[in-house]
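Data block below; observations after.
There are 2 protein chains.
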Amino acid sequence: MNALPDIDAIRDAASRIAPYAVVTPVLRSAALDALAGAELHFKCENLQRGGAFKFRGACNAVWSLSDEDAARGVVTHSSGNHGNALALAAATRGIQAHVVVPEGAVQAKLDAIVRAGGTLHRCAPTQAAREAMCAEVQAQTGAALVHPYADARVMAGQGTIALELLRQAPQLDALITPVGGGGLAAGVAIATHALKPELALVAAEPAGADDAARSLAAGSRIASMVPDTVCDGLRALMGQPNFDALRTHRVEVVTVSDAETIAAMRLLWSELKQVVEVSSATVLAAILKQPQRFAGRQVGVVLTGGNVDLDALPW
Amino acid sequence: MNALPDIDAIRDAASRIAPYAVVTPVLRSAALDALAGAELHFKCENLQRGGAFKFRGACNAVWSLSDEDAARGVVTHSSGNHGNALALAAATRGIQAHVVVPEGAVQAKLDAIVRAGGTLHRCAPTQAAREAMCAEVQAQTGAALVHPYADARVMAGQGTIALELLRQAPQLDALITPVGGGGLAAGVAIATHALKPELALVAAEPAGADDAARSLAAGSRIASMVPDTVCDGLRALMGQPNFDALRTHRVEVVTVSDAETIAAMRLLWSELKQVVEVSSATVLAAILKQPQRFAGRQVGVVLTGGNVDLDALPW
Chain A
1 MNALPDIDAI
11 RDAASRIAPY
21 AVVTPVLRSA
31 ALDALAGAEL
41 HFKCENLQRG
51 GAFKFRGACN
61 AVWSLSDEDA
71 ARGVVTHSSG
81 NHGNALALAA
91 ATRGIQAHVV
101 VPEGAVQAKL
111 DAIVRAGGTL
121 HRCAPTQAAR
131 EAMCAEVQAQ
141 TGAALVHPYA
151 DARVMAGQGT
161 IALELLRQAP
171 QLDALITPVG
181 GGGLAAGVAI
191 ATHALKPELA
201 LVAAEPAGAD
211 DAARSLAAGS
221 RIASMVPDTV
231 CDGLRALMGQ
241 PNFDALRTHR
251 VEVVTVSDAE
261 TIAAMRLLWS
271 ELKQVVEVSS
281 ATVLAAILKQ
291 PQRFAGRQVG
301 VVLTGGNVDL
311 DALPW
Chain B
1 MNALPDIDAI
11 RDAASRIAPY
21 AVVTPVLRSA
31 ALDALAGAEL
41 HFKCENLQRG
51 GAFKFRGACN
61 AVWSLSDEDA
71 ARGVVTHSSG
81 NHGNALALAA
91 ATRGIQAHVV
101 VPEGAVQAKL
111 DAIVRAGGTL
121 HRCAPTQAAR
131 EAMCAEVQAQ
141 TGAALVHPYA
151 DARVMAGQGT
161 IALELLRQAP
171 QLDALITPVG
181 GGGLAAGVAI
191 ATHALKPELA
201 LVAAEPAGAD
211 DAARSLAAGS
221 RIASMVPDTV
231 CDGLRALMGQ
241 PNFDALRTHR
251 VEVVTVSDAE
261 TIAAMRLLWS
271 ELKQVVEVSS
281 ATVLAAILKQ
291 PQRFAGRQVG
301 VVLTGGNVDL
311 DALPW
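The listed protein sequences correspond, in order, to chains A and B. Each residue of the first sequence is one higher than the one before, starting from 1 at the first, in full-length UniProt numbering. Each residue of the second sequence is one higher than the one before, starting from 1 at the first, in full-length UniProt numbering.
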């Protein structure tokens, strides 16, 4: 499960999810291009099913199972977009999704998982309790674990974004994604370099959860850190296979402050007219922080999701 | 100037604006389809240049002028999206745009007009003062008046939305736009019925500015009314040629309360992930208010603009 997908696996994923996933549009903004001094091609995964790119990986994992395995359902621990995505993906195959959620998770996100048909299992808000509850559900039901990012099927699903984006904007010479656990960054790196090896890959990371930046600088994965960032989608530590992929593909990490990210989020709302969640805005924050890195280039920019609480905007 | 455009004029407008305008995407939402009980195809003019459909009409008017007339510039009175659109359109031809704005207009909108290269002319906030100042600017400069909606070139430009939308979603059997002055509603009605005469046309109107509904019911245009609605883009009274077009094409008006519109705006943000201004949300409010009118149909829904003050959301 923890090996990395190759381009064939990513192409297979694209075929597998095609009946269910949205081919998301690529949007442009003259105002943001002028601000950045580059041509920005925004891949709008906020318009993906479930409002986030996570549906791609979850859907590929669900449809990769044999009928026999699928019949026992799937399980994961995530109170965020992955849990919701797995519930939506399981529904496309008519199987059960068990989602382990820590006490204190946001009620609106739990409601969405239940609406999608998922079954909630509550546990204490620690990593150990989440893993123990996951193991318990697996033991009781035989459900297949679909890890949010350290899973080759999930990485392959996320990598389909790059296949689509390079078809929509073949002229790209750089590409930037956020990095949290690294499922998206790894899948996109593998797909991109198989198609266009010279394309520069950048990952944007909150300064308060900069384990990817520090791991790559150190040459080995930092496995513990207490994240402190408003970017709730990017608090996970990078997985080991994800780290391996980012190192192999020479992905460079740009860290950004929460204030820079919130300012960029506001720009995406006001200029691109897209409702995106705060984690999604790290990419524009990174471009505006290091414009020399992108100057004059054709840059693919992955906007990861749009699930926000409209009553609690961060500005 | 006040006659109505025909389909040939609208096709000409499409060619004229093609180098400058965005072919805006059509977005879908499974959640909104389920709520409405219909298949909704959202034409996203919030993604148009300048953030509103108004660029189409202004651009067509600007490029319809002879070189000699164009050299003297254009003038209009509008502190909203049309003023900004005319300034942007004039810039594409390298000519001057004079925009008459009433004292008390929103500073952010005035800043946008100036950024686009327009020249502001301030006047008292009355219709008479606006028209007097417009006449004065015309007398001094020879600039051509581009009325926000009672102008065949403007209506033809707005009608290009229907040409695009019917190419993007030819299966439509109903189409809904907001109605204020009626430039959009008239242009779309003329274009739509030339291509697909059986298509049902609906216009959504704020109950606090329901001159279109009352004019069509009475069979003659109501020429005075004090609007009272949060929909700042829909406070204008319908023009005479606009009324004629709506009556000829049997456009049916659905009126919606501000509360219904604000609730629909929130749905467009949370489900479609689009930043749209409150006037844009009247269309979804109308669909949700009269679902039987749209049940099971393929409905084109024009989202008119996305220029909002992110610090003053109406919920």
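Virtual Cβ for every residue (Gly too), placed ideally from N, Cα, C. None of these values were measured; they are calculated from a predicted model.
At a C-beta separation below 9 Å, Gln107 of chain B has no neighbours in chain A, since its nearest C-beta there lies roughly 15 Å away. Taking Leu4 of chain B as reference, the option from B:Gly239, B:Val302, B:Leu310, B:Leu267 with the minimal CA-CA separation is B:Gly239.
Residue environment for Thr192 of chain B: buried (at least 16 other C-beta atoms within 10 angstroms of its C-beta).
Within 8 Å of the CB of Leu40 of chain B, no CB atom of chain A is found; the nearest one sits about 14 Å away. Counting along the chain, the unbroken beta strand (DSSP E) around Gly300 of chain B starts and ends at 298 to 303. With respect to Ser29 of chain B, Glu271 of chain B sits close: the two C-beta atoms are nearer than 7 Å. Taking a cut-off of 8 Å on C-beta distances, the stretch 160 to 179 of chain B does not touch the stretch 124 to 132 of chain B, as fewer than three cross pairs fall below it. Using a Cβ-Cβ cut-off of 7 Å, Leu310 of chain B counts as an interface residue toward chain A, since at least one Cβ of chain A sits closer than that to its own. Within the same chain, and ignoring the five residues on either side of Arg153 of chain B in sequence, the residues whose Cβ sits closer than 6 Å to its Cβ are Asn60, Ala61, Ser64.
Annotation for Cys231 of chain A: no alpha helix (DSSP H) segment contains it, and DSSP assigns it neither H nor E.
Chain-order list of chain B residues neighbouring Ser280 of chain A: empty, with the shortest C-beta distance near 11 Å, by a criterion of under 8 Å. The beta carbon of Lys43 of chain A sits no closer than 7 Å to any beta carbon of chain B. Fewer than three Cβ pairs drawn from the stretch 212 to 225 of chain B and the stretch 141 to 150 of chain B lie within less than 8 Å of each other, which leaves the two stretches out of contact. Contacts with chain B at 7 Å (Cβ-Cβ) include Lys273 of chain A. In this model, Leu246 of chain B and Cys231 of chain B are separated by some 21 Å (Cα to Cα). Between the beta-carbon of Asp173 of chain A and that of Gln298 of chain A there is about 5 Å, and that keeps the pair under the 8 Å contact cut. Bounds of the beta strand (DSSP E) holding Phe42 of chain B are 39 to 44.
Between the alpha carbons of Ala34 of chain A and Leu40 of chain A lies a gap of roughly 10 Å. For Gln274 of chain B, the beta-bridge partners assigned by DSSP are A:Gln274. Listed along the chain, the chain B residues whose CB falls inside 7 Å of the CB of Trp63 of chain A amount to none; the nearest CB is some 19 Å away.
Glu164 of chain A counts as buried, since at least 16 other C-beta atoms from the protein chains shown sit within 10 angstroms of its C-beta. Boundaries of the beta strand (DSSP E) harbouring Leu175 of chain A: 174 to 178, taken from the DSSP string. Assigned with DSSP and collapsed to three states, His193 of chain A falls in helix. For Val62 of chain B, the uninterrupted alpha helix (DSSP H) run begins and ends at 54 to 64, by DSSP. Within the same chain, and ignoring the five residues on either side of Asp211 of chain A in sequence, the residues whose Cβ sits closer than 6 Å to its Cβ are Ile222, Met225, Leu237, Met238. Counting only residues of its own chain and dropping the five nearest sequence neighbours on each side, Arg250 of chain A has a CB closer than 8 Å to the CB of Leu201.
Between the alpha carbons of Ala108 of chain B and Asn307 of chain B lies a gap of roughly 10 Å. Between Gly305 of chain B and Gly51 of chain B, the C-beta gap is smaller than 7 Å, which places the two residues in contact. Going by C-alpha positions, Phe55 of chain A is about 22 Å away from Pro25 of chain B. Secondary structure of Thr126 of chain A (DSSP, three-state): coil. Between Ala13 of chain A and Asp244 of chain B, the alpha-carbon positions lie close to 54 Å from each other.
Against chain A, a Cβ distance below 9 Å from Asn46 of chain B picks out Lys273.
In the displayed model, Glu205 of chain A falls within a strand according to three-state DSSP. Within chain A, Pro25, Leu47 have C-beta atoms less than 9 Å from the C-beta of Leu27 of chain B, given in sequence order. Neighbours of Ser270 of chain B in chain A, taken as residues at a C-beta separation under 7 Å, are given in chain order as Leu310. Under the 7 Å criterion on CB atoms, Gly233 of chain A is classed as non-interfacial with respect to chain B.
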